[in-house]
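**Student:** Protein sequence lines correspond, in order, to chains A and B. Per this note's numbering, residue 1 is the first one in the first sequence, and the count goes up by one each step. Per this note's numbering, residue 153 is the first one in the second sequence, and the count goes up by one each step.
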Amino acid sequence: MIDIDDTDRAFLRALSRDATTSAGELGRRLGLSQPAAWRRIRRLEEAGIIAGRRVAVDRPALGFGVTVFLGVKLGTKGRVSLEDFERAVAAIPEVQVVQHVLGLFDYRLRVVARDIADFERVLRRRIMTLPGVGQVEANVLLTEEARPGPLG
Amino acid sequence: MQIDDTDRRILRQLLADPAAANAVLAERAGVTSATCWRRLERLQAASIISAPAAVINWRAMGYEVEVSLRFNLDKTEPRAFDEFLAAAREVPEVIGIETFLGRVDVRLNVIARDMAHYQELYRARILALPHIADIEALMLIATIKEESALPL
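1. By the 10 Å Cβ neighbour count, where 16 or more other Cβ atoms means buried, how is S220(B) classified, buried or exposed?
2. Give a yes or no on contact between the segment 173 to 184 of chain B and the segment 143 to 151 of chain A, applying the rule of three or more CB pairs nearer than 8 Å.
3. Report yes or no: is there a C-beta of chain B within less than 8 Å of the C-beta of E86(A)?
4. Just the C-alpha distance for W38(A) and E299(B), rounded to the nearest angstrom, thanks.
5. Note down, one range per segment and in chain order, each alpha helix (DSSP H) of at least 4 residues found wholly within the segment 246 to 274 of chain B.
6. Shortest alpha-carbon distance to R277(B) belongs to which of L304(B), A239(B) and G248(B)?
7. For V256(B), which residues in chain A fall below 7 Å Cβ to Cβ?
8. Locate the alpha helix (DSSP H) running through D159(B), then write down its first and last residues.
9. Could you check which residue in F105(A), V112(A) and D84(A) has the C-alpha nearest to that of E94(A)?
10. Hey, out of G48(A), A117(A) and V57(A), whose CA is closest to N209(B)'s CA?
11. Can you tell me whether P230(B) is buried or exposed, with buried defined as 16 or more other CB within 10 angstroms of its CB?
12. Indicate whether at least one CB of chain A lies closer than 8 Å to the CB of I200(B).
13. Going along the chain, which residues of the segment 171 to 205 of chain B sit with their C-beta nearer than 7 Å to a C-beta in chain A?
14. Within a Cβ cutoff of 7 Å, which residues of the same chain sit near L285(B), ignoring the five residues on either side of it in sequence?
15. Give the residues of chain A in contact with V262(B), contact being defined as C-beta atoms less than 7 Å apart.
16. Which residues does DSSP pair with Q99(A) in a beta bridge?
17. Just to confirm before moving on: does the CB-CB distance between F105(A) and G71(A) stay below 8 Å?
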């Protein structure tokens, strides 16, 4: 793991708002030359701290009005391998996120749907038919907010 | 704003690979670079997509532990949500906040350097949040899939 100083944290704060900000512009804001700023960014990328890009979308504007988080407990542990479940669930286009967790559930899923009727279709036809699926709990997302995290 | 099939084609490619250059997206979507750029500008101006943001890999920054904390709030207190959310925003290790309709009211995504740090955070910052009726924790073991693609 590499050492991170306050300037690196300022770079990360700026890039996690807009990754298209140029090295020259970032350098100007933080009092570094363009090449020095570019080297900082390269170093953070090479250390794997900057891991790609993300674009946030207004899902309702694109016709996806419903996002649901599902907690899934496997019902037949041991008989169905986790790999079978994971492969099948990750192949569902409406499932954006699959996380293996420890606690009340075995998996957390983020599912997008056009509306509640569409969600019901995904749940019945695709989720409940997954190999080994047991108890499922659904929570409909109302608001979400990404926080900058410990970069201050 | 009206979204047509060309927008959808470009969006599908963008969400599948948010770090791809404009020329690459244009080729994959079967449009000219100029069209692709113009369409993305228009979608961004209409706030349908955000500017590309850098994804920070907290693990590479030394945060080995990620926990999903699910809260039920004391709904006899009318200001419970607002006060809880305002206090949660003050905790730097909270990287995401979501509110729900369902059995869970609020979920906080919390990162920590290790289990000792997590325990300290949990006791000093999380349990100190106002109006908590109940907490459940899901510890992240592995992320199997994480994308923002929509079945457009």
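Virtual Cβ for every residue (Gly too), placed ideally from N, Cα, C. Only a predicted model underlies this, so the values are computations on that prediction, with no experimental measurement involved.
**Tutor:** Walking through what the data contain:
1. buried
2. Verdict: no, contact absent.
3. yes
4. Computed Cα separation, rounded: 28 Å.
5. 267 to 273
6. Of L304(B), A239(B) and G248(B), the residue nearest in Cα terms is A239(B).
7. N139
8. D157 to A168
9. V112(A)
10. Here the closest residue by C-alpha is G48(A).
11. Here P230(B) is exposed, its C-beta having fewer than 16 other C-beta atoms within 10 Å.
12. Closer than 8 Å: yes.
13. Result list: A171, S199, I200, I201, S202, A203, P204 and A205.
14. A small correction: the amino acid at residue 285(B) is Ala; Leu does not occupy that position in the sequence shown. For A285(B), where only same-chain residues beyond five positions count, the Cβ hits under 7 Å are N224, L225 and D226.
15. Going along chain A, no residue has its Cβ under 7 Å from V262(B), so there is no contact; the nearest lies around 10 Å.
16. R108(A) and T295(B)
17. yes
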